[in-house]
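Undergrad: In this note's numbering, the protein residues as written are 39 to 497.
This is the structure I want to talk about, given as structure tokens.
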Amino acid sequence: MLTKEYISELKSRGNGDIAALINMQKDVGSITYILENLGQLPDNFHADFLYTLLSHNHAQVRLNAVKNIAKLNGKGDIKPLLSLYPKESDTSVRREIVSAIGRQRKCANKPLLYAFLNDEDPKIVCQAIRGLLVFENDKDVEDHLKPLVNHQNEMVRTVIYKEYFAKEKSVKSVLPHAETYEFLKNVIVNADVLEALKYVPDESVHLTFTSPPYYNARDYSIYPSYQAYLEFLDKVFQETHRITKEGRFLIVNTSPIIIPRVSRAHSSKRYPIPFDLHPYLVKNGWEFIDDIVWLKPEYSVKNRVGGFHQHRKPLGYKPNTVTEYLMVYRKQTEKLLDWNIRSYDKKTVEESKVADGYETTNVWKIDPCFDKVHSAIFPVELCKRVIQYYSYKGDLVFDPFGGSGTVGRTAKALDRLFFLTEQEPKYFEYMKSKQKEQGVFKERATKFYTLNEFKNVIR
Ligand SMILES: C[S@@+](CC[C@H](N)C(=O)[O-])C[C@H]1O[C@@H](n2cnc3c(N)ncnc32)[C@H](O)[C@@H]1O
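What follows is the structure, encoded as structure tokens:
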């Protein structure tokens with residue numbers, strides 16, 4: 039029977055026993071198993087059979103043959119790889135060939151790698167770039183790579199940008215990453231968010247979680263047109279981007295909405311807010327990370343399917359909408375998440391770890407919440423998950439559309455700080471009254487400001 043131990047023993051004999059073993063195999067699975075379990079190859083390894091396998095009719099075998107040739111520490115012959123390349127139809131094998139040539143780290147291979155930069159498959163181009171980047175401070179290599187910052191493919195552009203151009207561009211933050219300004223901690227401002235944000239410094243918040251107004255579907259905000267509404271949100275999230283710390287997250291809760299018909303002679307209109315908002319966010323430097331679906335029980339939503347249930351005529355189908363989106367974005371950066379995480383001390387990282395029982399899928403089944411004063415409040419469970427999964431203890435969580443203050447209260451309960459803006463005096467007062475009723479904002483007392491008071495505090 040084929041085992042890893044047996045393969046390892048034959049390999050160490052170095053006298054062609056592996057080649058003999060491969061020859062005995064009748065099926066692709068066994069050949070692949072042997073090739074995948076060869077591990078490091080000894081100096082005296084008889085590798086001729088690997089070159090024979092380059093003409094095997096199964097791509098998986100060719101792929102593993104190339105991978106093992108790449109392990110021959112620069113001693114492998116690349117000519118057979120180069121002759122296979124133009125005939126090869128499998129993109130993984132093609133990519134592995136480029137990787138094998140790169141891994142030899144030989145100056146003589148540079149012209150070959152330059153040629154791969156013109157390949158039409160961006161994955162091949164990226165692989166060739168990777169092979170060339172090992173030649174550090176090599177003017178010739180730089181001259182070939184730098185122009186690719188204008189390559190048509192975004193992955194290629196990003197790699198080159200990060201390698202050669204990002205360092206000059208990165209802005210130095212005034213505060214250490216884990217810290218924020220005293221004057222923003224547990225603050226609620228009664229103002230139009232765009233007015234309030236004029237006074238908020240760059241790179242102040244760690245996380246934004248919000249549910250913007252639903253265009254004109256609820257009565258707390260009215261916009262002259264859908265375009266005007268999108269442009270307003272565009273401005274809000276541009277400003278949010280400015281005040282967000284490098285590499286941190288924005289989570290926007292929206293869903294398509296319906297504006298009812300004017301009369302029976304007209305049809306109602308549906309507006310796909312999440313999909314229309316997305317291009318604005320990406321254009322402004324928010325990198326799309328995930329779409330989470332908030333799933334509500336069917337009994338909790340408006341019944342739309344009733345008419346169809348009666349007539350059953352195709353085209354008239356209108357499902358009950360039991361979902362909303364949580365679109366997850368990250369402020370674009372060249373830095374990896376590890377960089378963000380390393381900005382916290384060990385204790386904070388340890389204490390912020392998410393406990394067992396966390397949600398493992400992107401479908402979050404949560405009951406909606408209803409409130410006597412505010413018509414569209416977040417369920418606490420939704421806030422809890424977002425705050426726990428996307429922030430550390432002590433972080434500043436921002437909600438530009440504060441409403442009844444669910445984000446603030448939950449942030450506080452999870453040992454985070456909050457900064458909210460809310461335009462409507464009615465909801466601002468409601469948040470104040472909740473503070474009195476429940477004492478939820480106590481401990482680090484919440485500061486409730488008018489716009490003028492906020493301006494003065496910041497000055
Ligand atoms: C969907 S509700 C948010 C509810 C909130 N998530 C909660 O749990 O209570 C949107 C809120 O944004 C507020 N709002 C609308 N336009 C605003 C603006 N320009 N600046 C600040 N708040 C605004 C509305 O008054 C409303 O309370």
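The beta carbon of each residue, even a glycine, is placed where N, CA and C say it ideally should be.
Given the structure is predicted, the values throughout are model-derived calculations rather than measurements.
(1) Compute the beta-carbon to beta-carbon distance between Thr-218 and Leu-434, rounded to the nearest angstrom, for a pair I have assumed lies under 8 Å.
(2) Any heavy atom of ligand 1 within a distance shorter than 7 Å of the CB on Val-231?
(3) Given a cut-off of 8 Å, decide if Arg-308 and Pro-294 are closer than it, judged by their beta-carbon atoms.
(4) Can the beta-carbon of Val-300 be found less than 8 Å from the beta-carbon of Asp-328?
(5) Does any residue of chain D bring its CB to less than 8 Å from the CB of Asp-240?
(6) Look at the Cβ atom of Asp-437, then the Cβ atom of Val-445, and state whether they are nearer than 8 Å.
(7) Can the beta-carbon of Cys-421 be found closer than 8 Å to that of Thr-459?
(8) How would you label Tyr-337, buried or exposed, when you count the other beta carbons within 10 angstroms and need 16 or more for buried?
(9) Taking the beta carbon of Phe-83 as the centre, do at least 16 other beta carbons fall within 10 Å, making it buried, or is it exposed?
(10) Can you pull the DSSP bridge partners for Phe-83?
(11) Which word fits Ala-229, buried or exposed, when buried means at least 16 other C-beta atoms lie within 10 angstroms of its C-beta?
(12) In whole angstroms, what separates the C-alpha of Asp-383 from that of Lys-369?
(13) If we call anything under 8 Å between Cβ atoms a contact, is Ile-167 one with Leu-183?
(14) Give me the Cα-Cα distance between Val-187 and Thr-196, rounded to the nearest whole angstrom.
(15) Hey, how far is the Cα of Thr-403 from the Cα of Tyr-396?
(16) Nearer than 7 Å: is that true of the beta carbon of Gly-395 relative to any heavy atom of ligand 1?
(17) What I want to know is whether the C-beta of Thr-11 ends up closer than 7 Å to one or more non-hydrogen atoms of ligand 1.
(18) Quick check: is any heavy atom of ligand 1 less than 7 Å from the C-beta of Ser-429?
TA: Inspection of the coordinates gives the following:
(1) Residue 218 sits at position 180 when you count from the first residue of the sequence shown. Residue 434 sits at position 396 when you count from the first residue of the sequence shown. That pair is a contact at about 4 Å.
(2) The residue given as residue 231 occupies position 193 in the sequence shown. Under cutoff, so the answer is yes.
(3) As a first step, residue 294 must be located in the sequence shown, where it is residue number 256. As a first step, residue 308 must be located in the sequence shown, where it is residue number 270. Cβ atoms of Pro-294 and Arg-308: closer than 8 Å.
(4) For the purposes of this step, residue 300 is taken as the residue at position 262 of the sequence shown. For the purposes of this step, residue 328 is taken as the residue at position 290 of the sequence shown. Cβ distance not < 8 Å, so Val-300 and Asp-328 don't count as in contact.
(5) The chain inventory of the structure shown lacks chain D, comprising one protein chain alone.
(6) Here the question's residue 437 lines up with position 399 in the sequence shown. Here the question's residue 445 lines up with position 407 in the sequence shown. Cβ distance < 8 Å, so Asp-437 and Val-445 count as in contact.
(7) What you label residue 421 is simply residue 383 of the sequence shown in a count that begins at 1. What you label residue 459 is simply residue 421 of the sequence shown in a count that begins at 1. For Cys-421 and Thr-459, no; Cβs fall outside 8 Å.
(8) Sequence index remark: in the sequence shown, residue 337 carries index 299 (1-based). Per the 10 Å Cβ criterion, exposed.
(9) Translated into the one-based positions of the sequence shown, residue 83 becomes position 45. That one is buried.
(10) Residue numbering aside, residue 83 sits at position 45 when the sequence shown is read from its first letter. DSSP, once it has assigned bridges, lists no residue as partnering Phe-83.
(11) Locating residue 229 in the sequence shown gives position 191, counting from the first residue. So Ala-229 ends up on the buried side.
(12) To locate residue 383, count along the sequence shown from 1; it is residue 345. To locate residue 369, count along the sequence shown from 1; it is residue 331. Taking the straight line joining both Cα atoms gives about 22 Å.
(13) Taking the sequence shown and counting its residues from 1, one reaches residue 167 at position 129. Taking the sequence shown and counting its residues from 1, one reaches residue 183 at position 145. Yes, the pair counts as a contact, with Cβ atoms nearer than the cut-off.
(14) The residue given as residue 187 occupies position 149 in the sequence shown. The residue given as residue 196 occupies position 158 in the sequence shown. Distance between the alpha carbons of Val-187 and Thr-196: 7 Å.
(15) If you number the sequence shown from 1, residue 403 lands on position 365. If you number the sequence shown from 1, residue 396 lands on position 358. First, the amino acid is wrong: residue 403 is Lys here, not Thr. About 12 Å.
(16) Indexing the sequence shown from 1 puts residue 395 at position 357. Outside the cutoff, so no.
(17) In the structure displayed, the chain extends from 39 to 497; residue 11 sits before or after that span and is not available.
(18) One-based indexing of the sequence shown puts residue 429 at position 391. No, ligand 1 has no heavy atom inside 7 Å of this Cβ.
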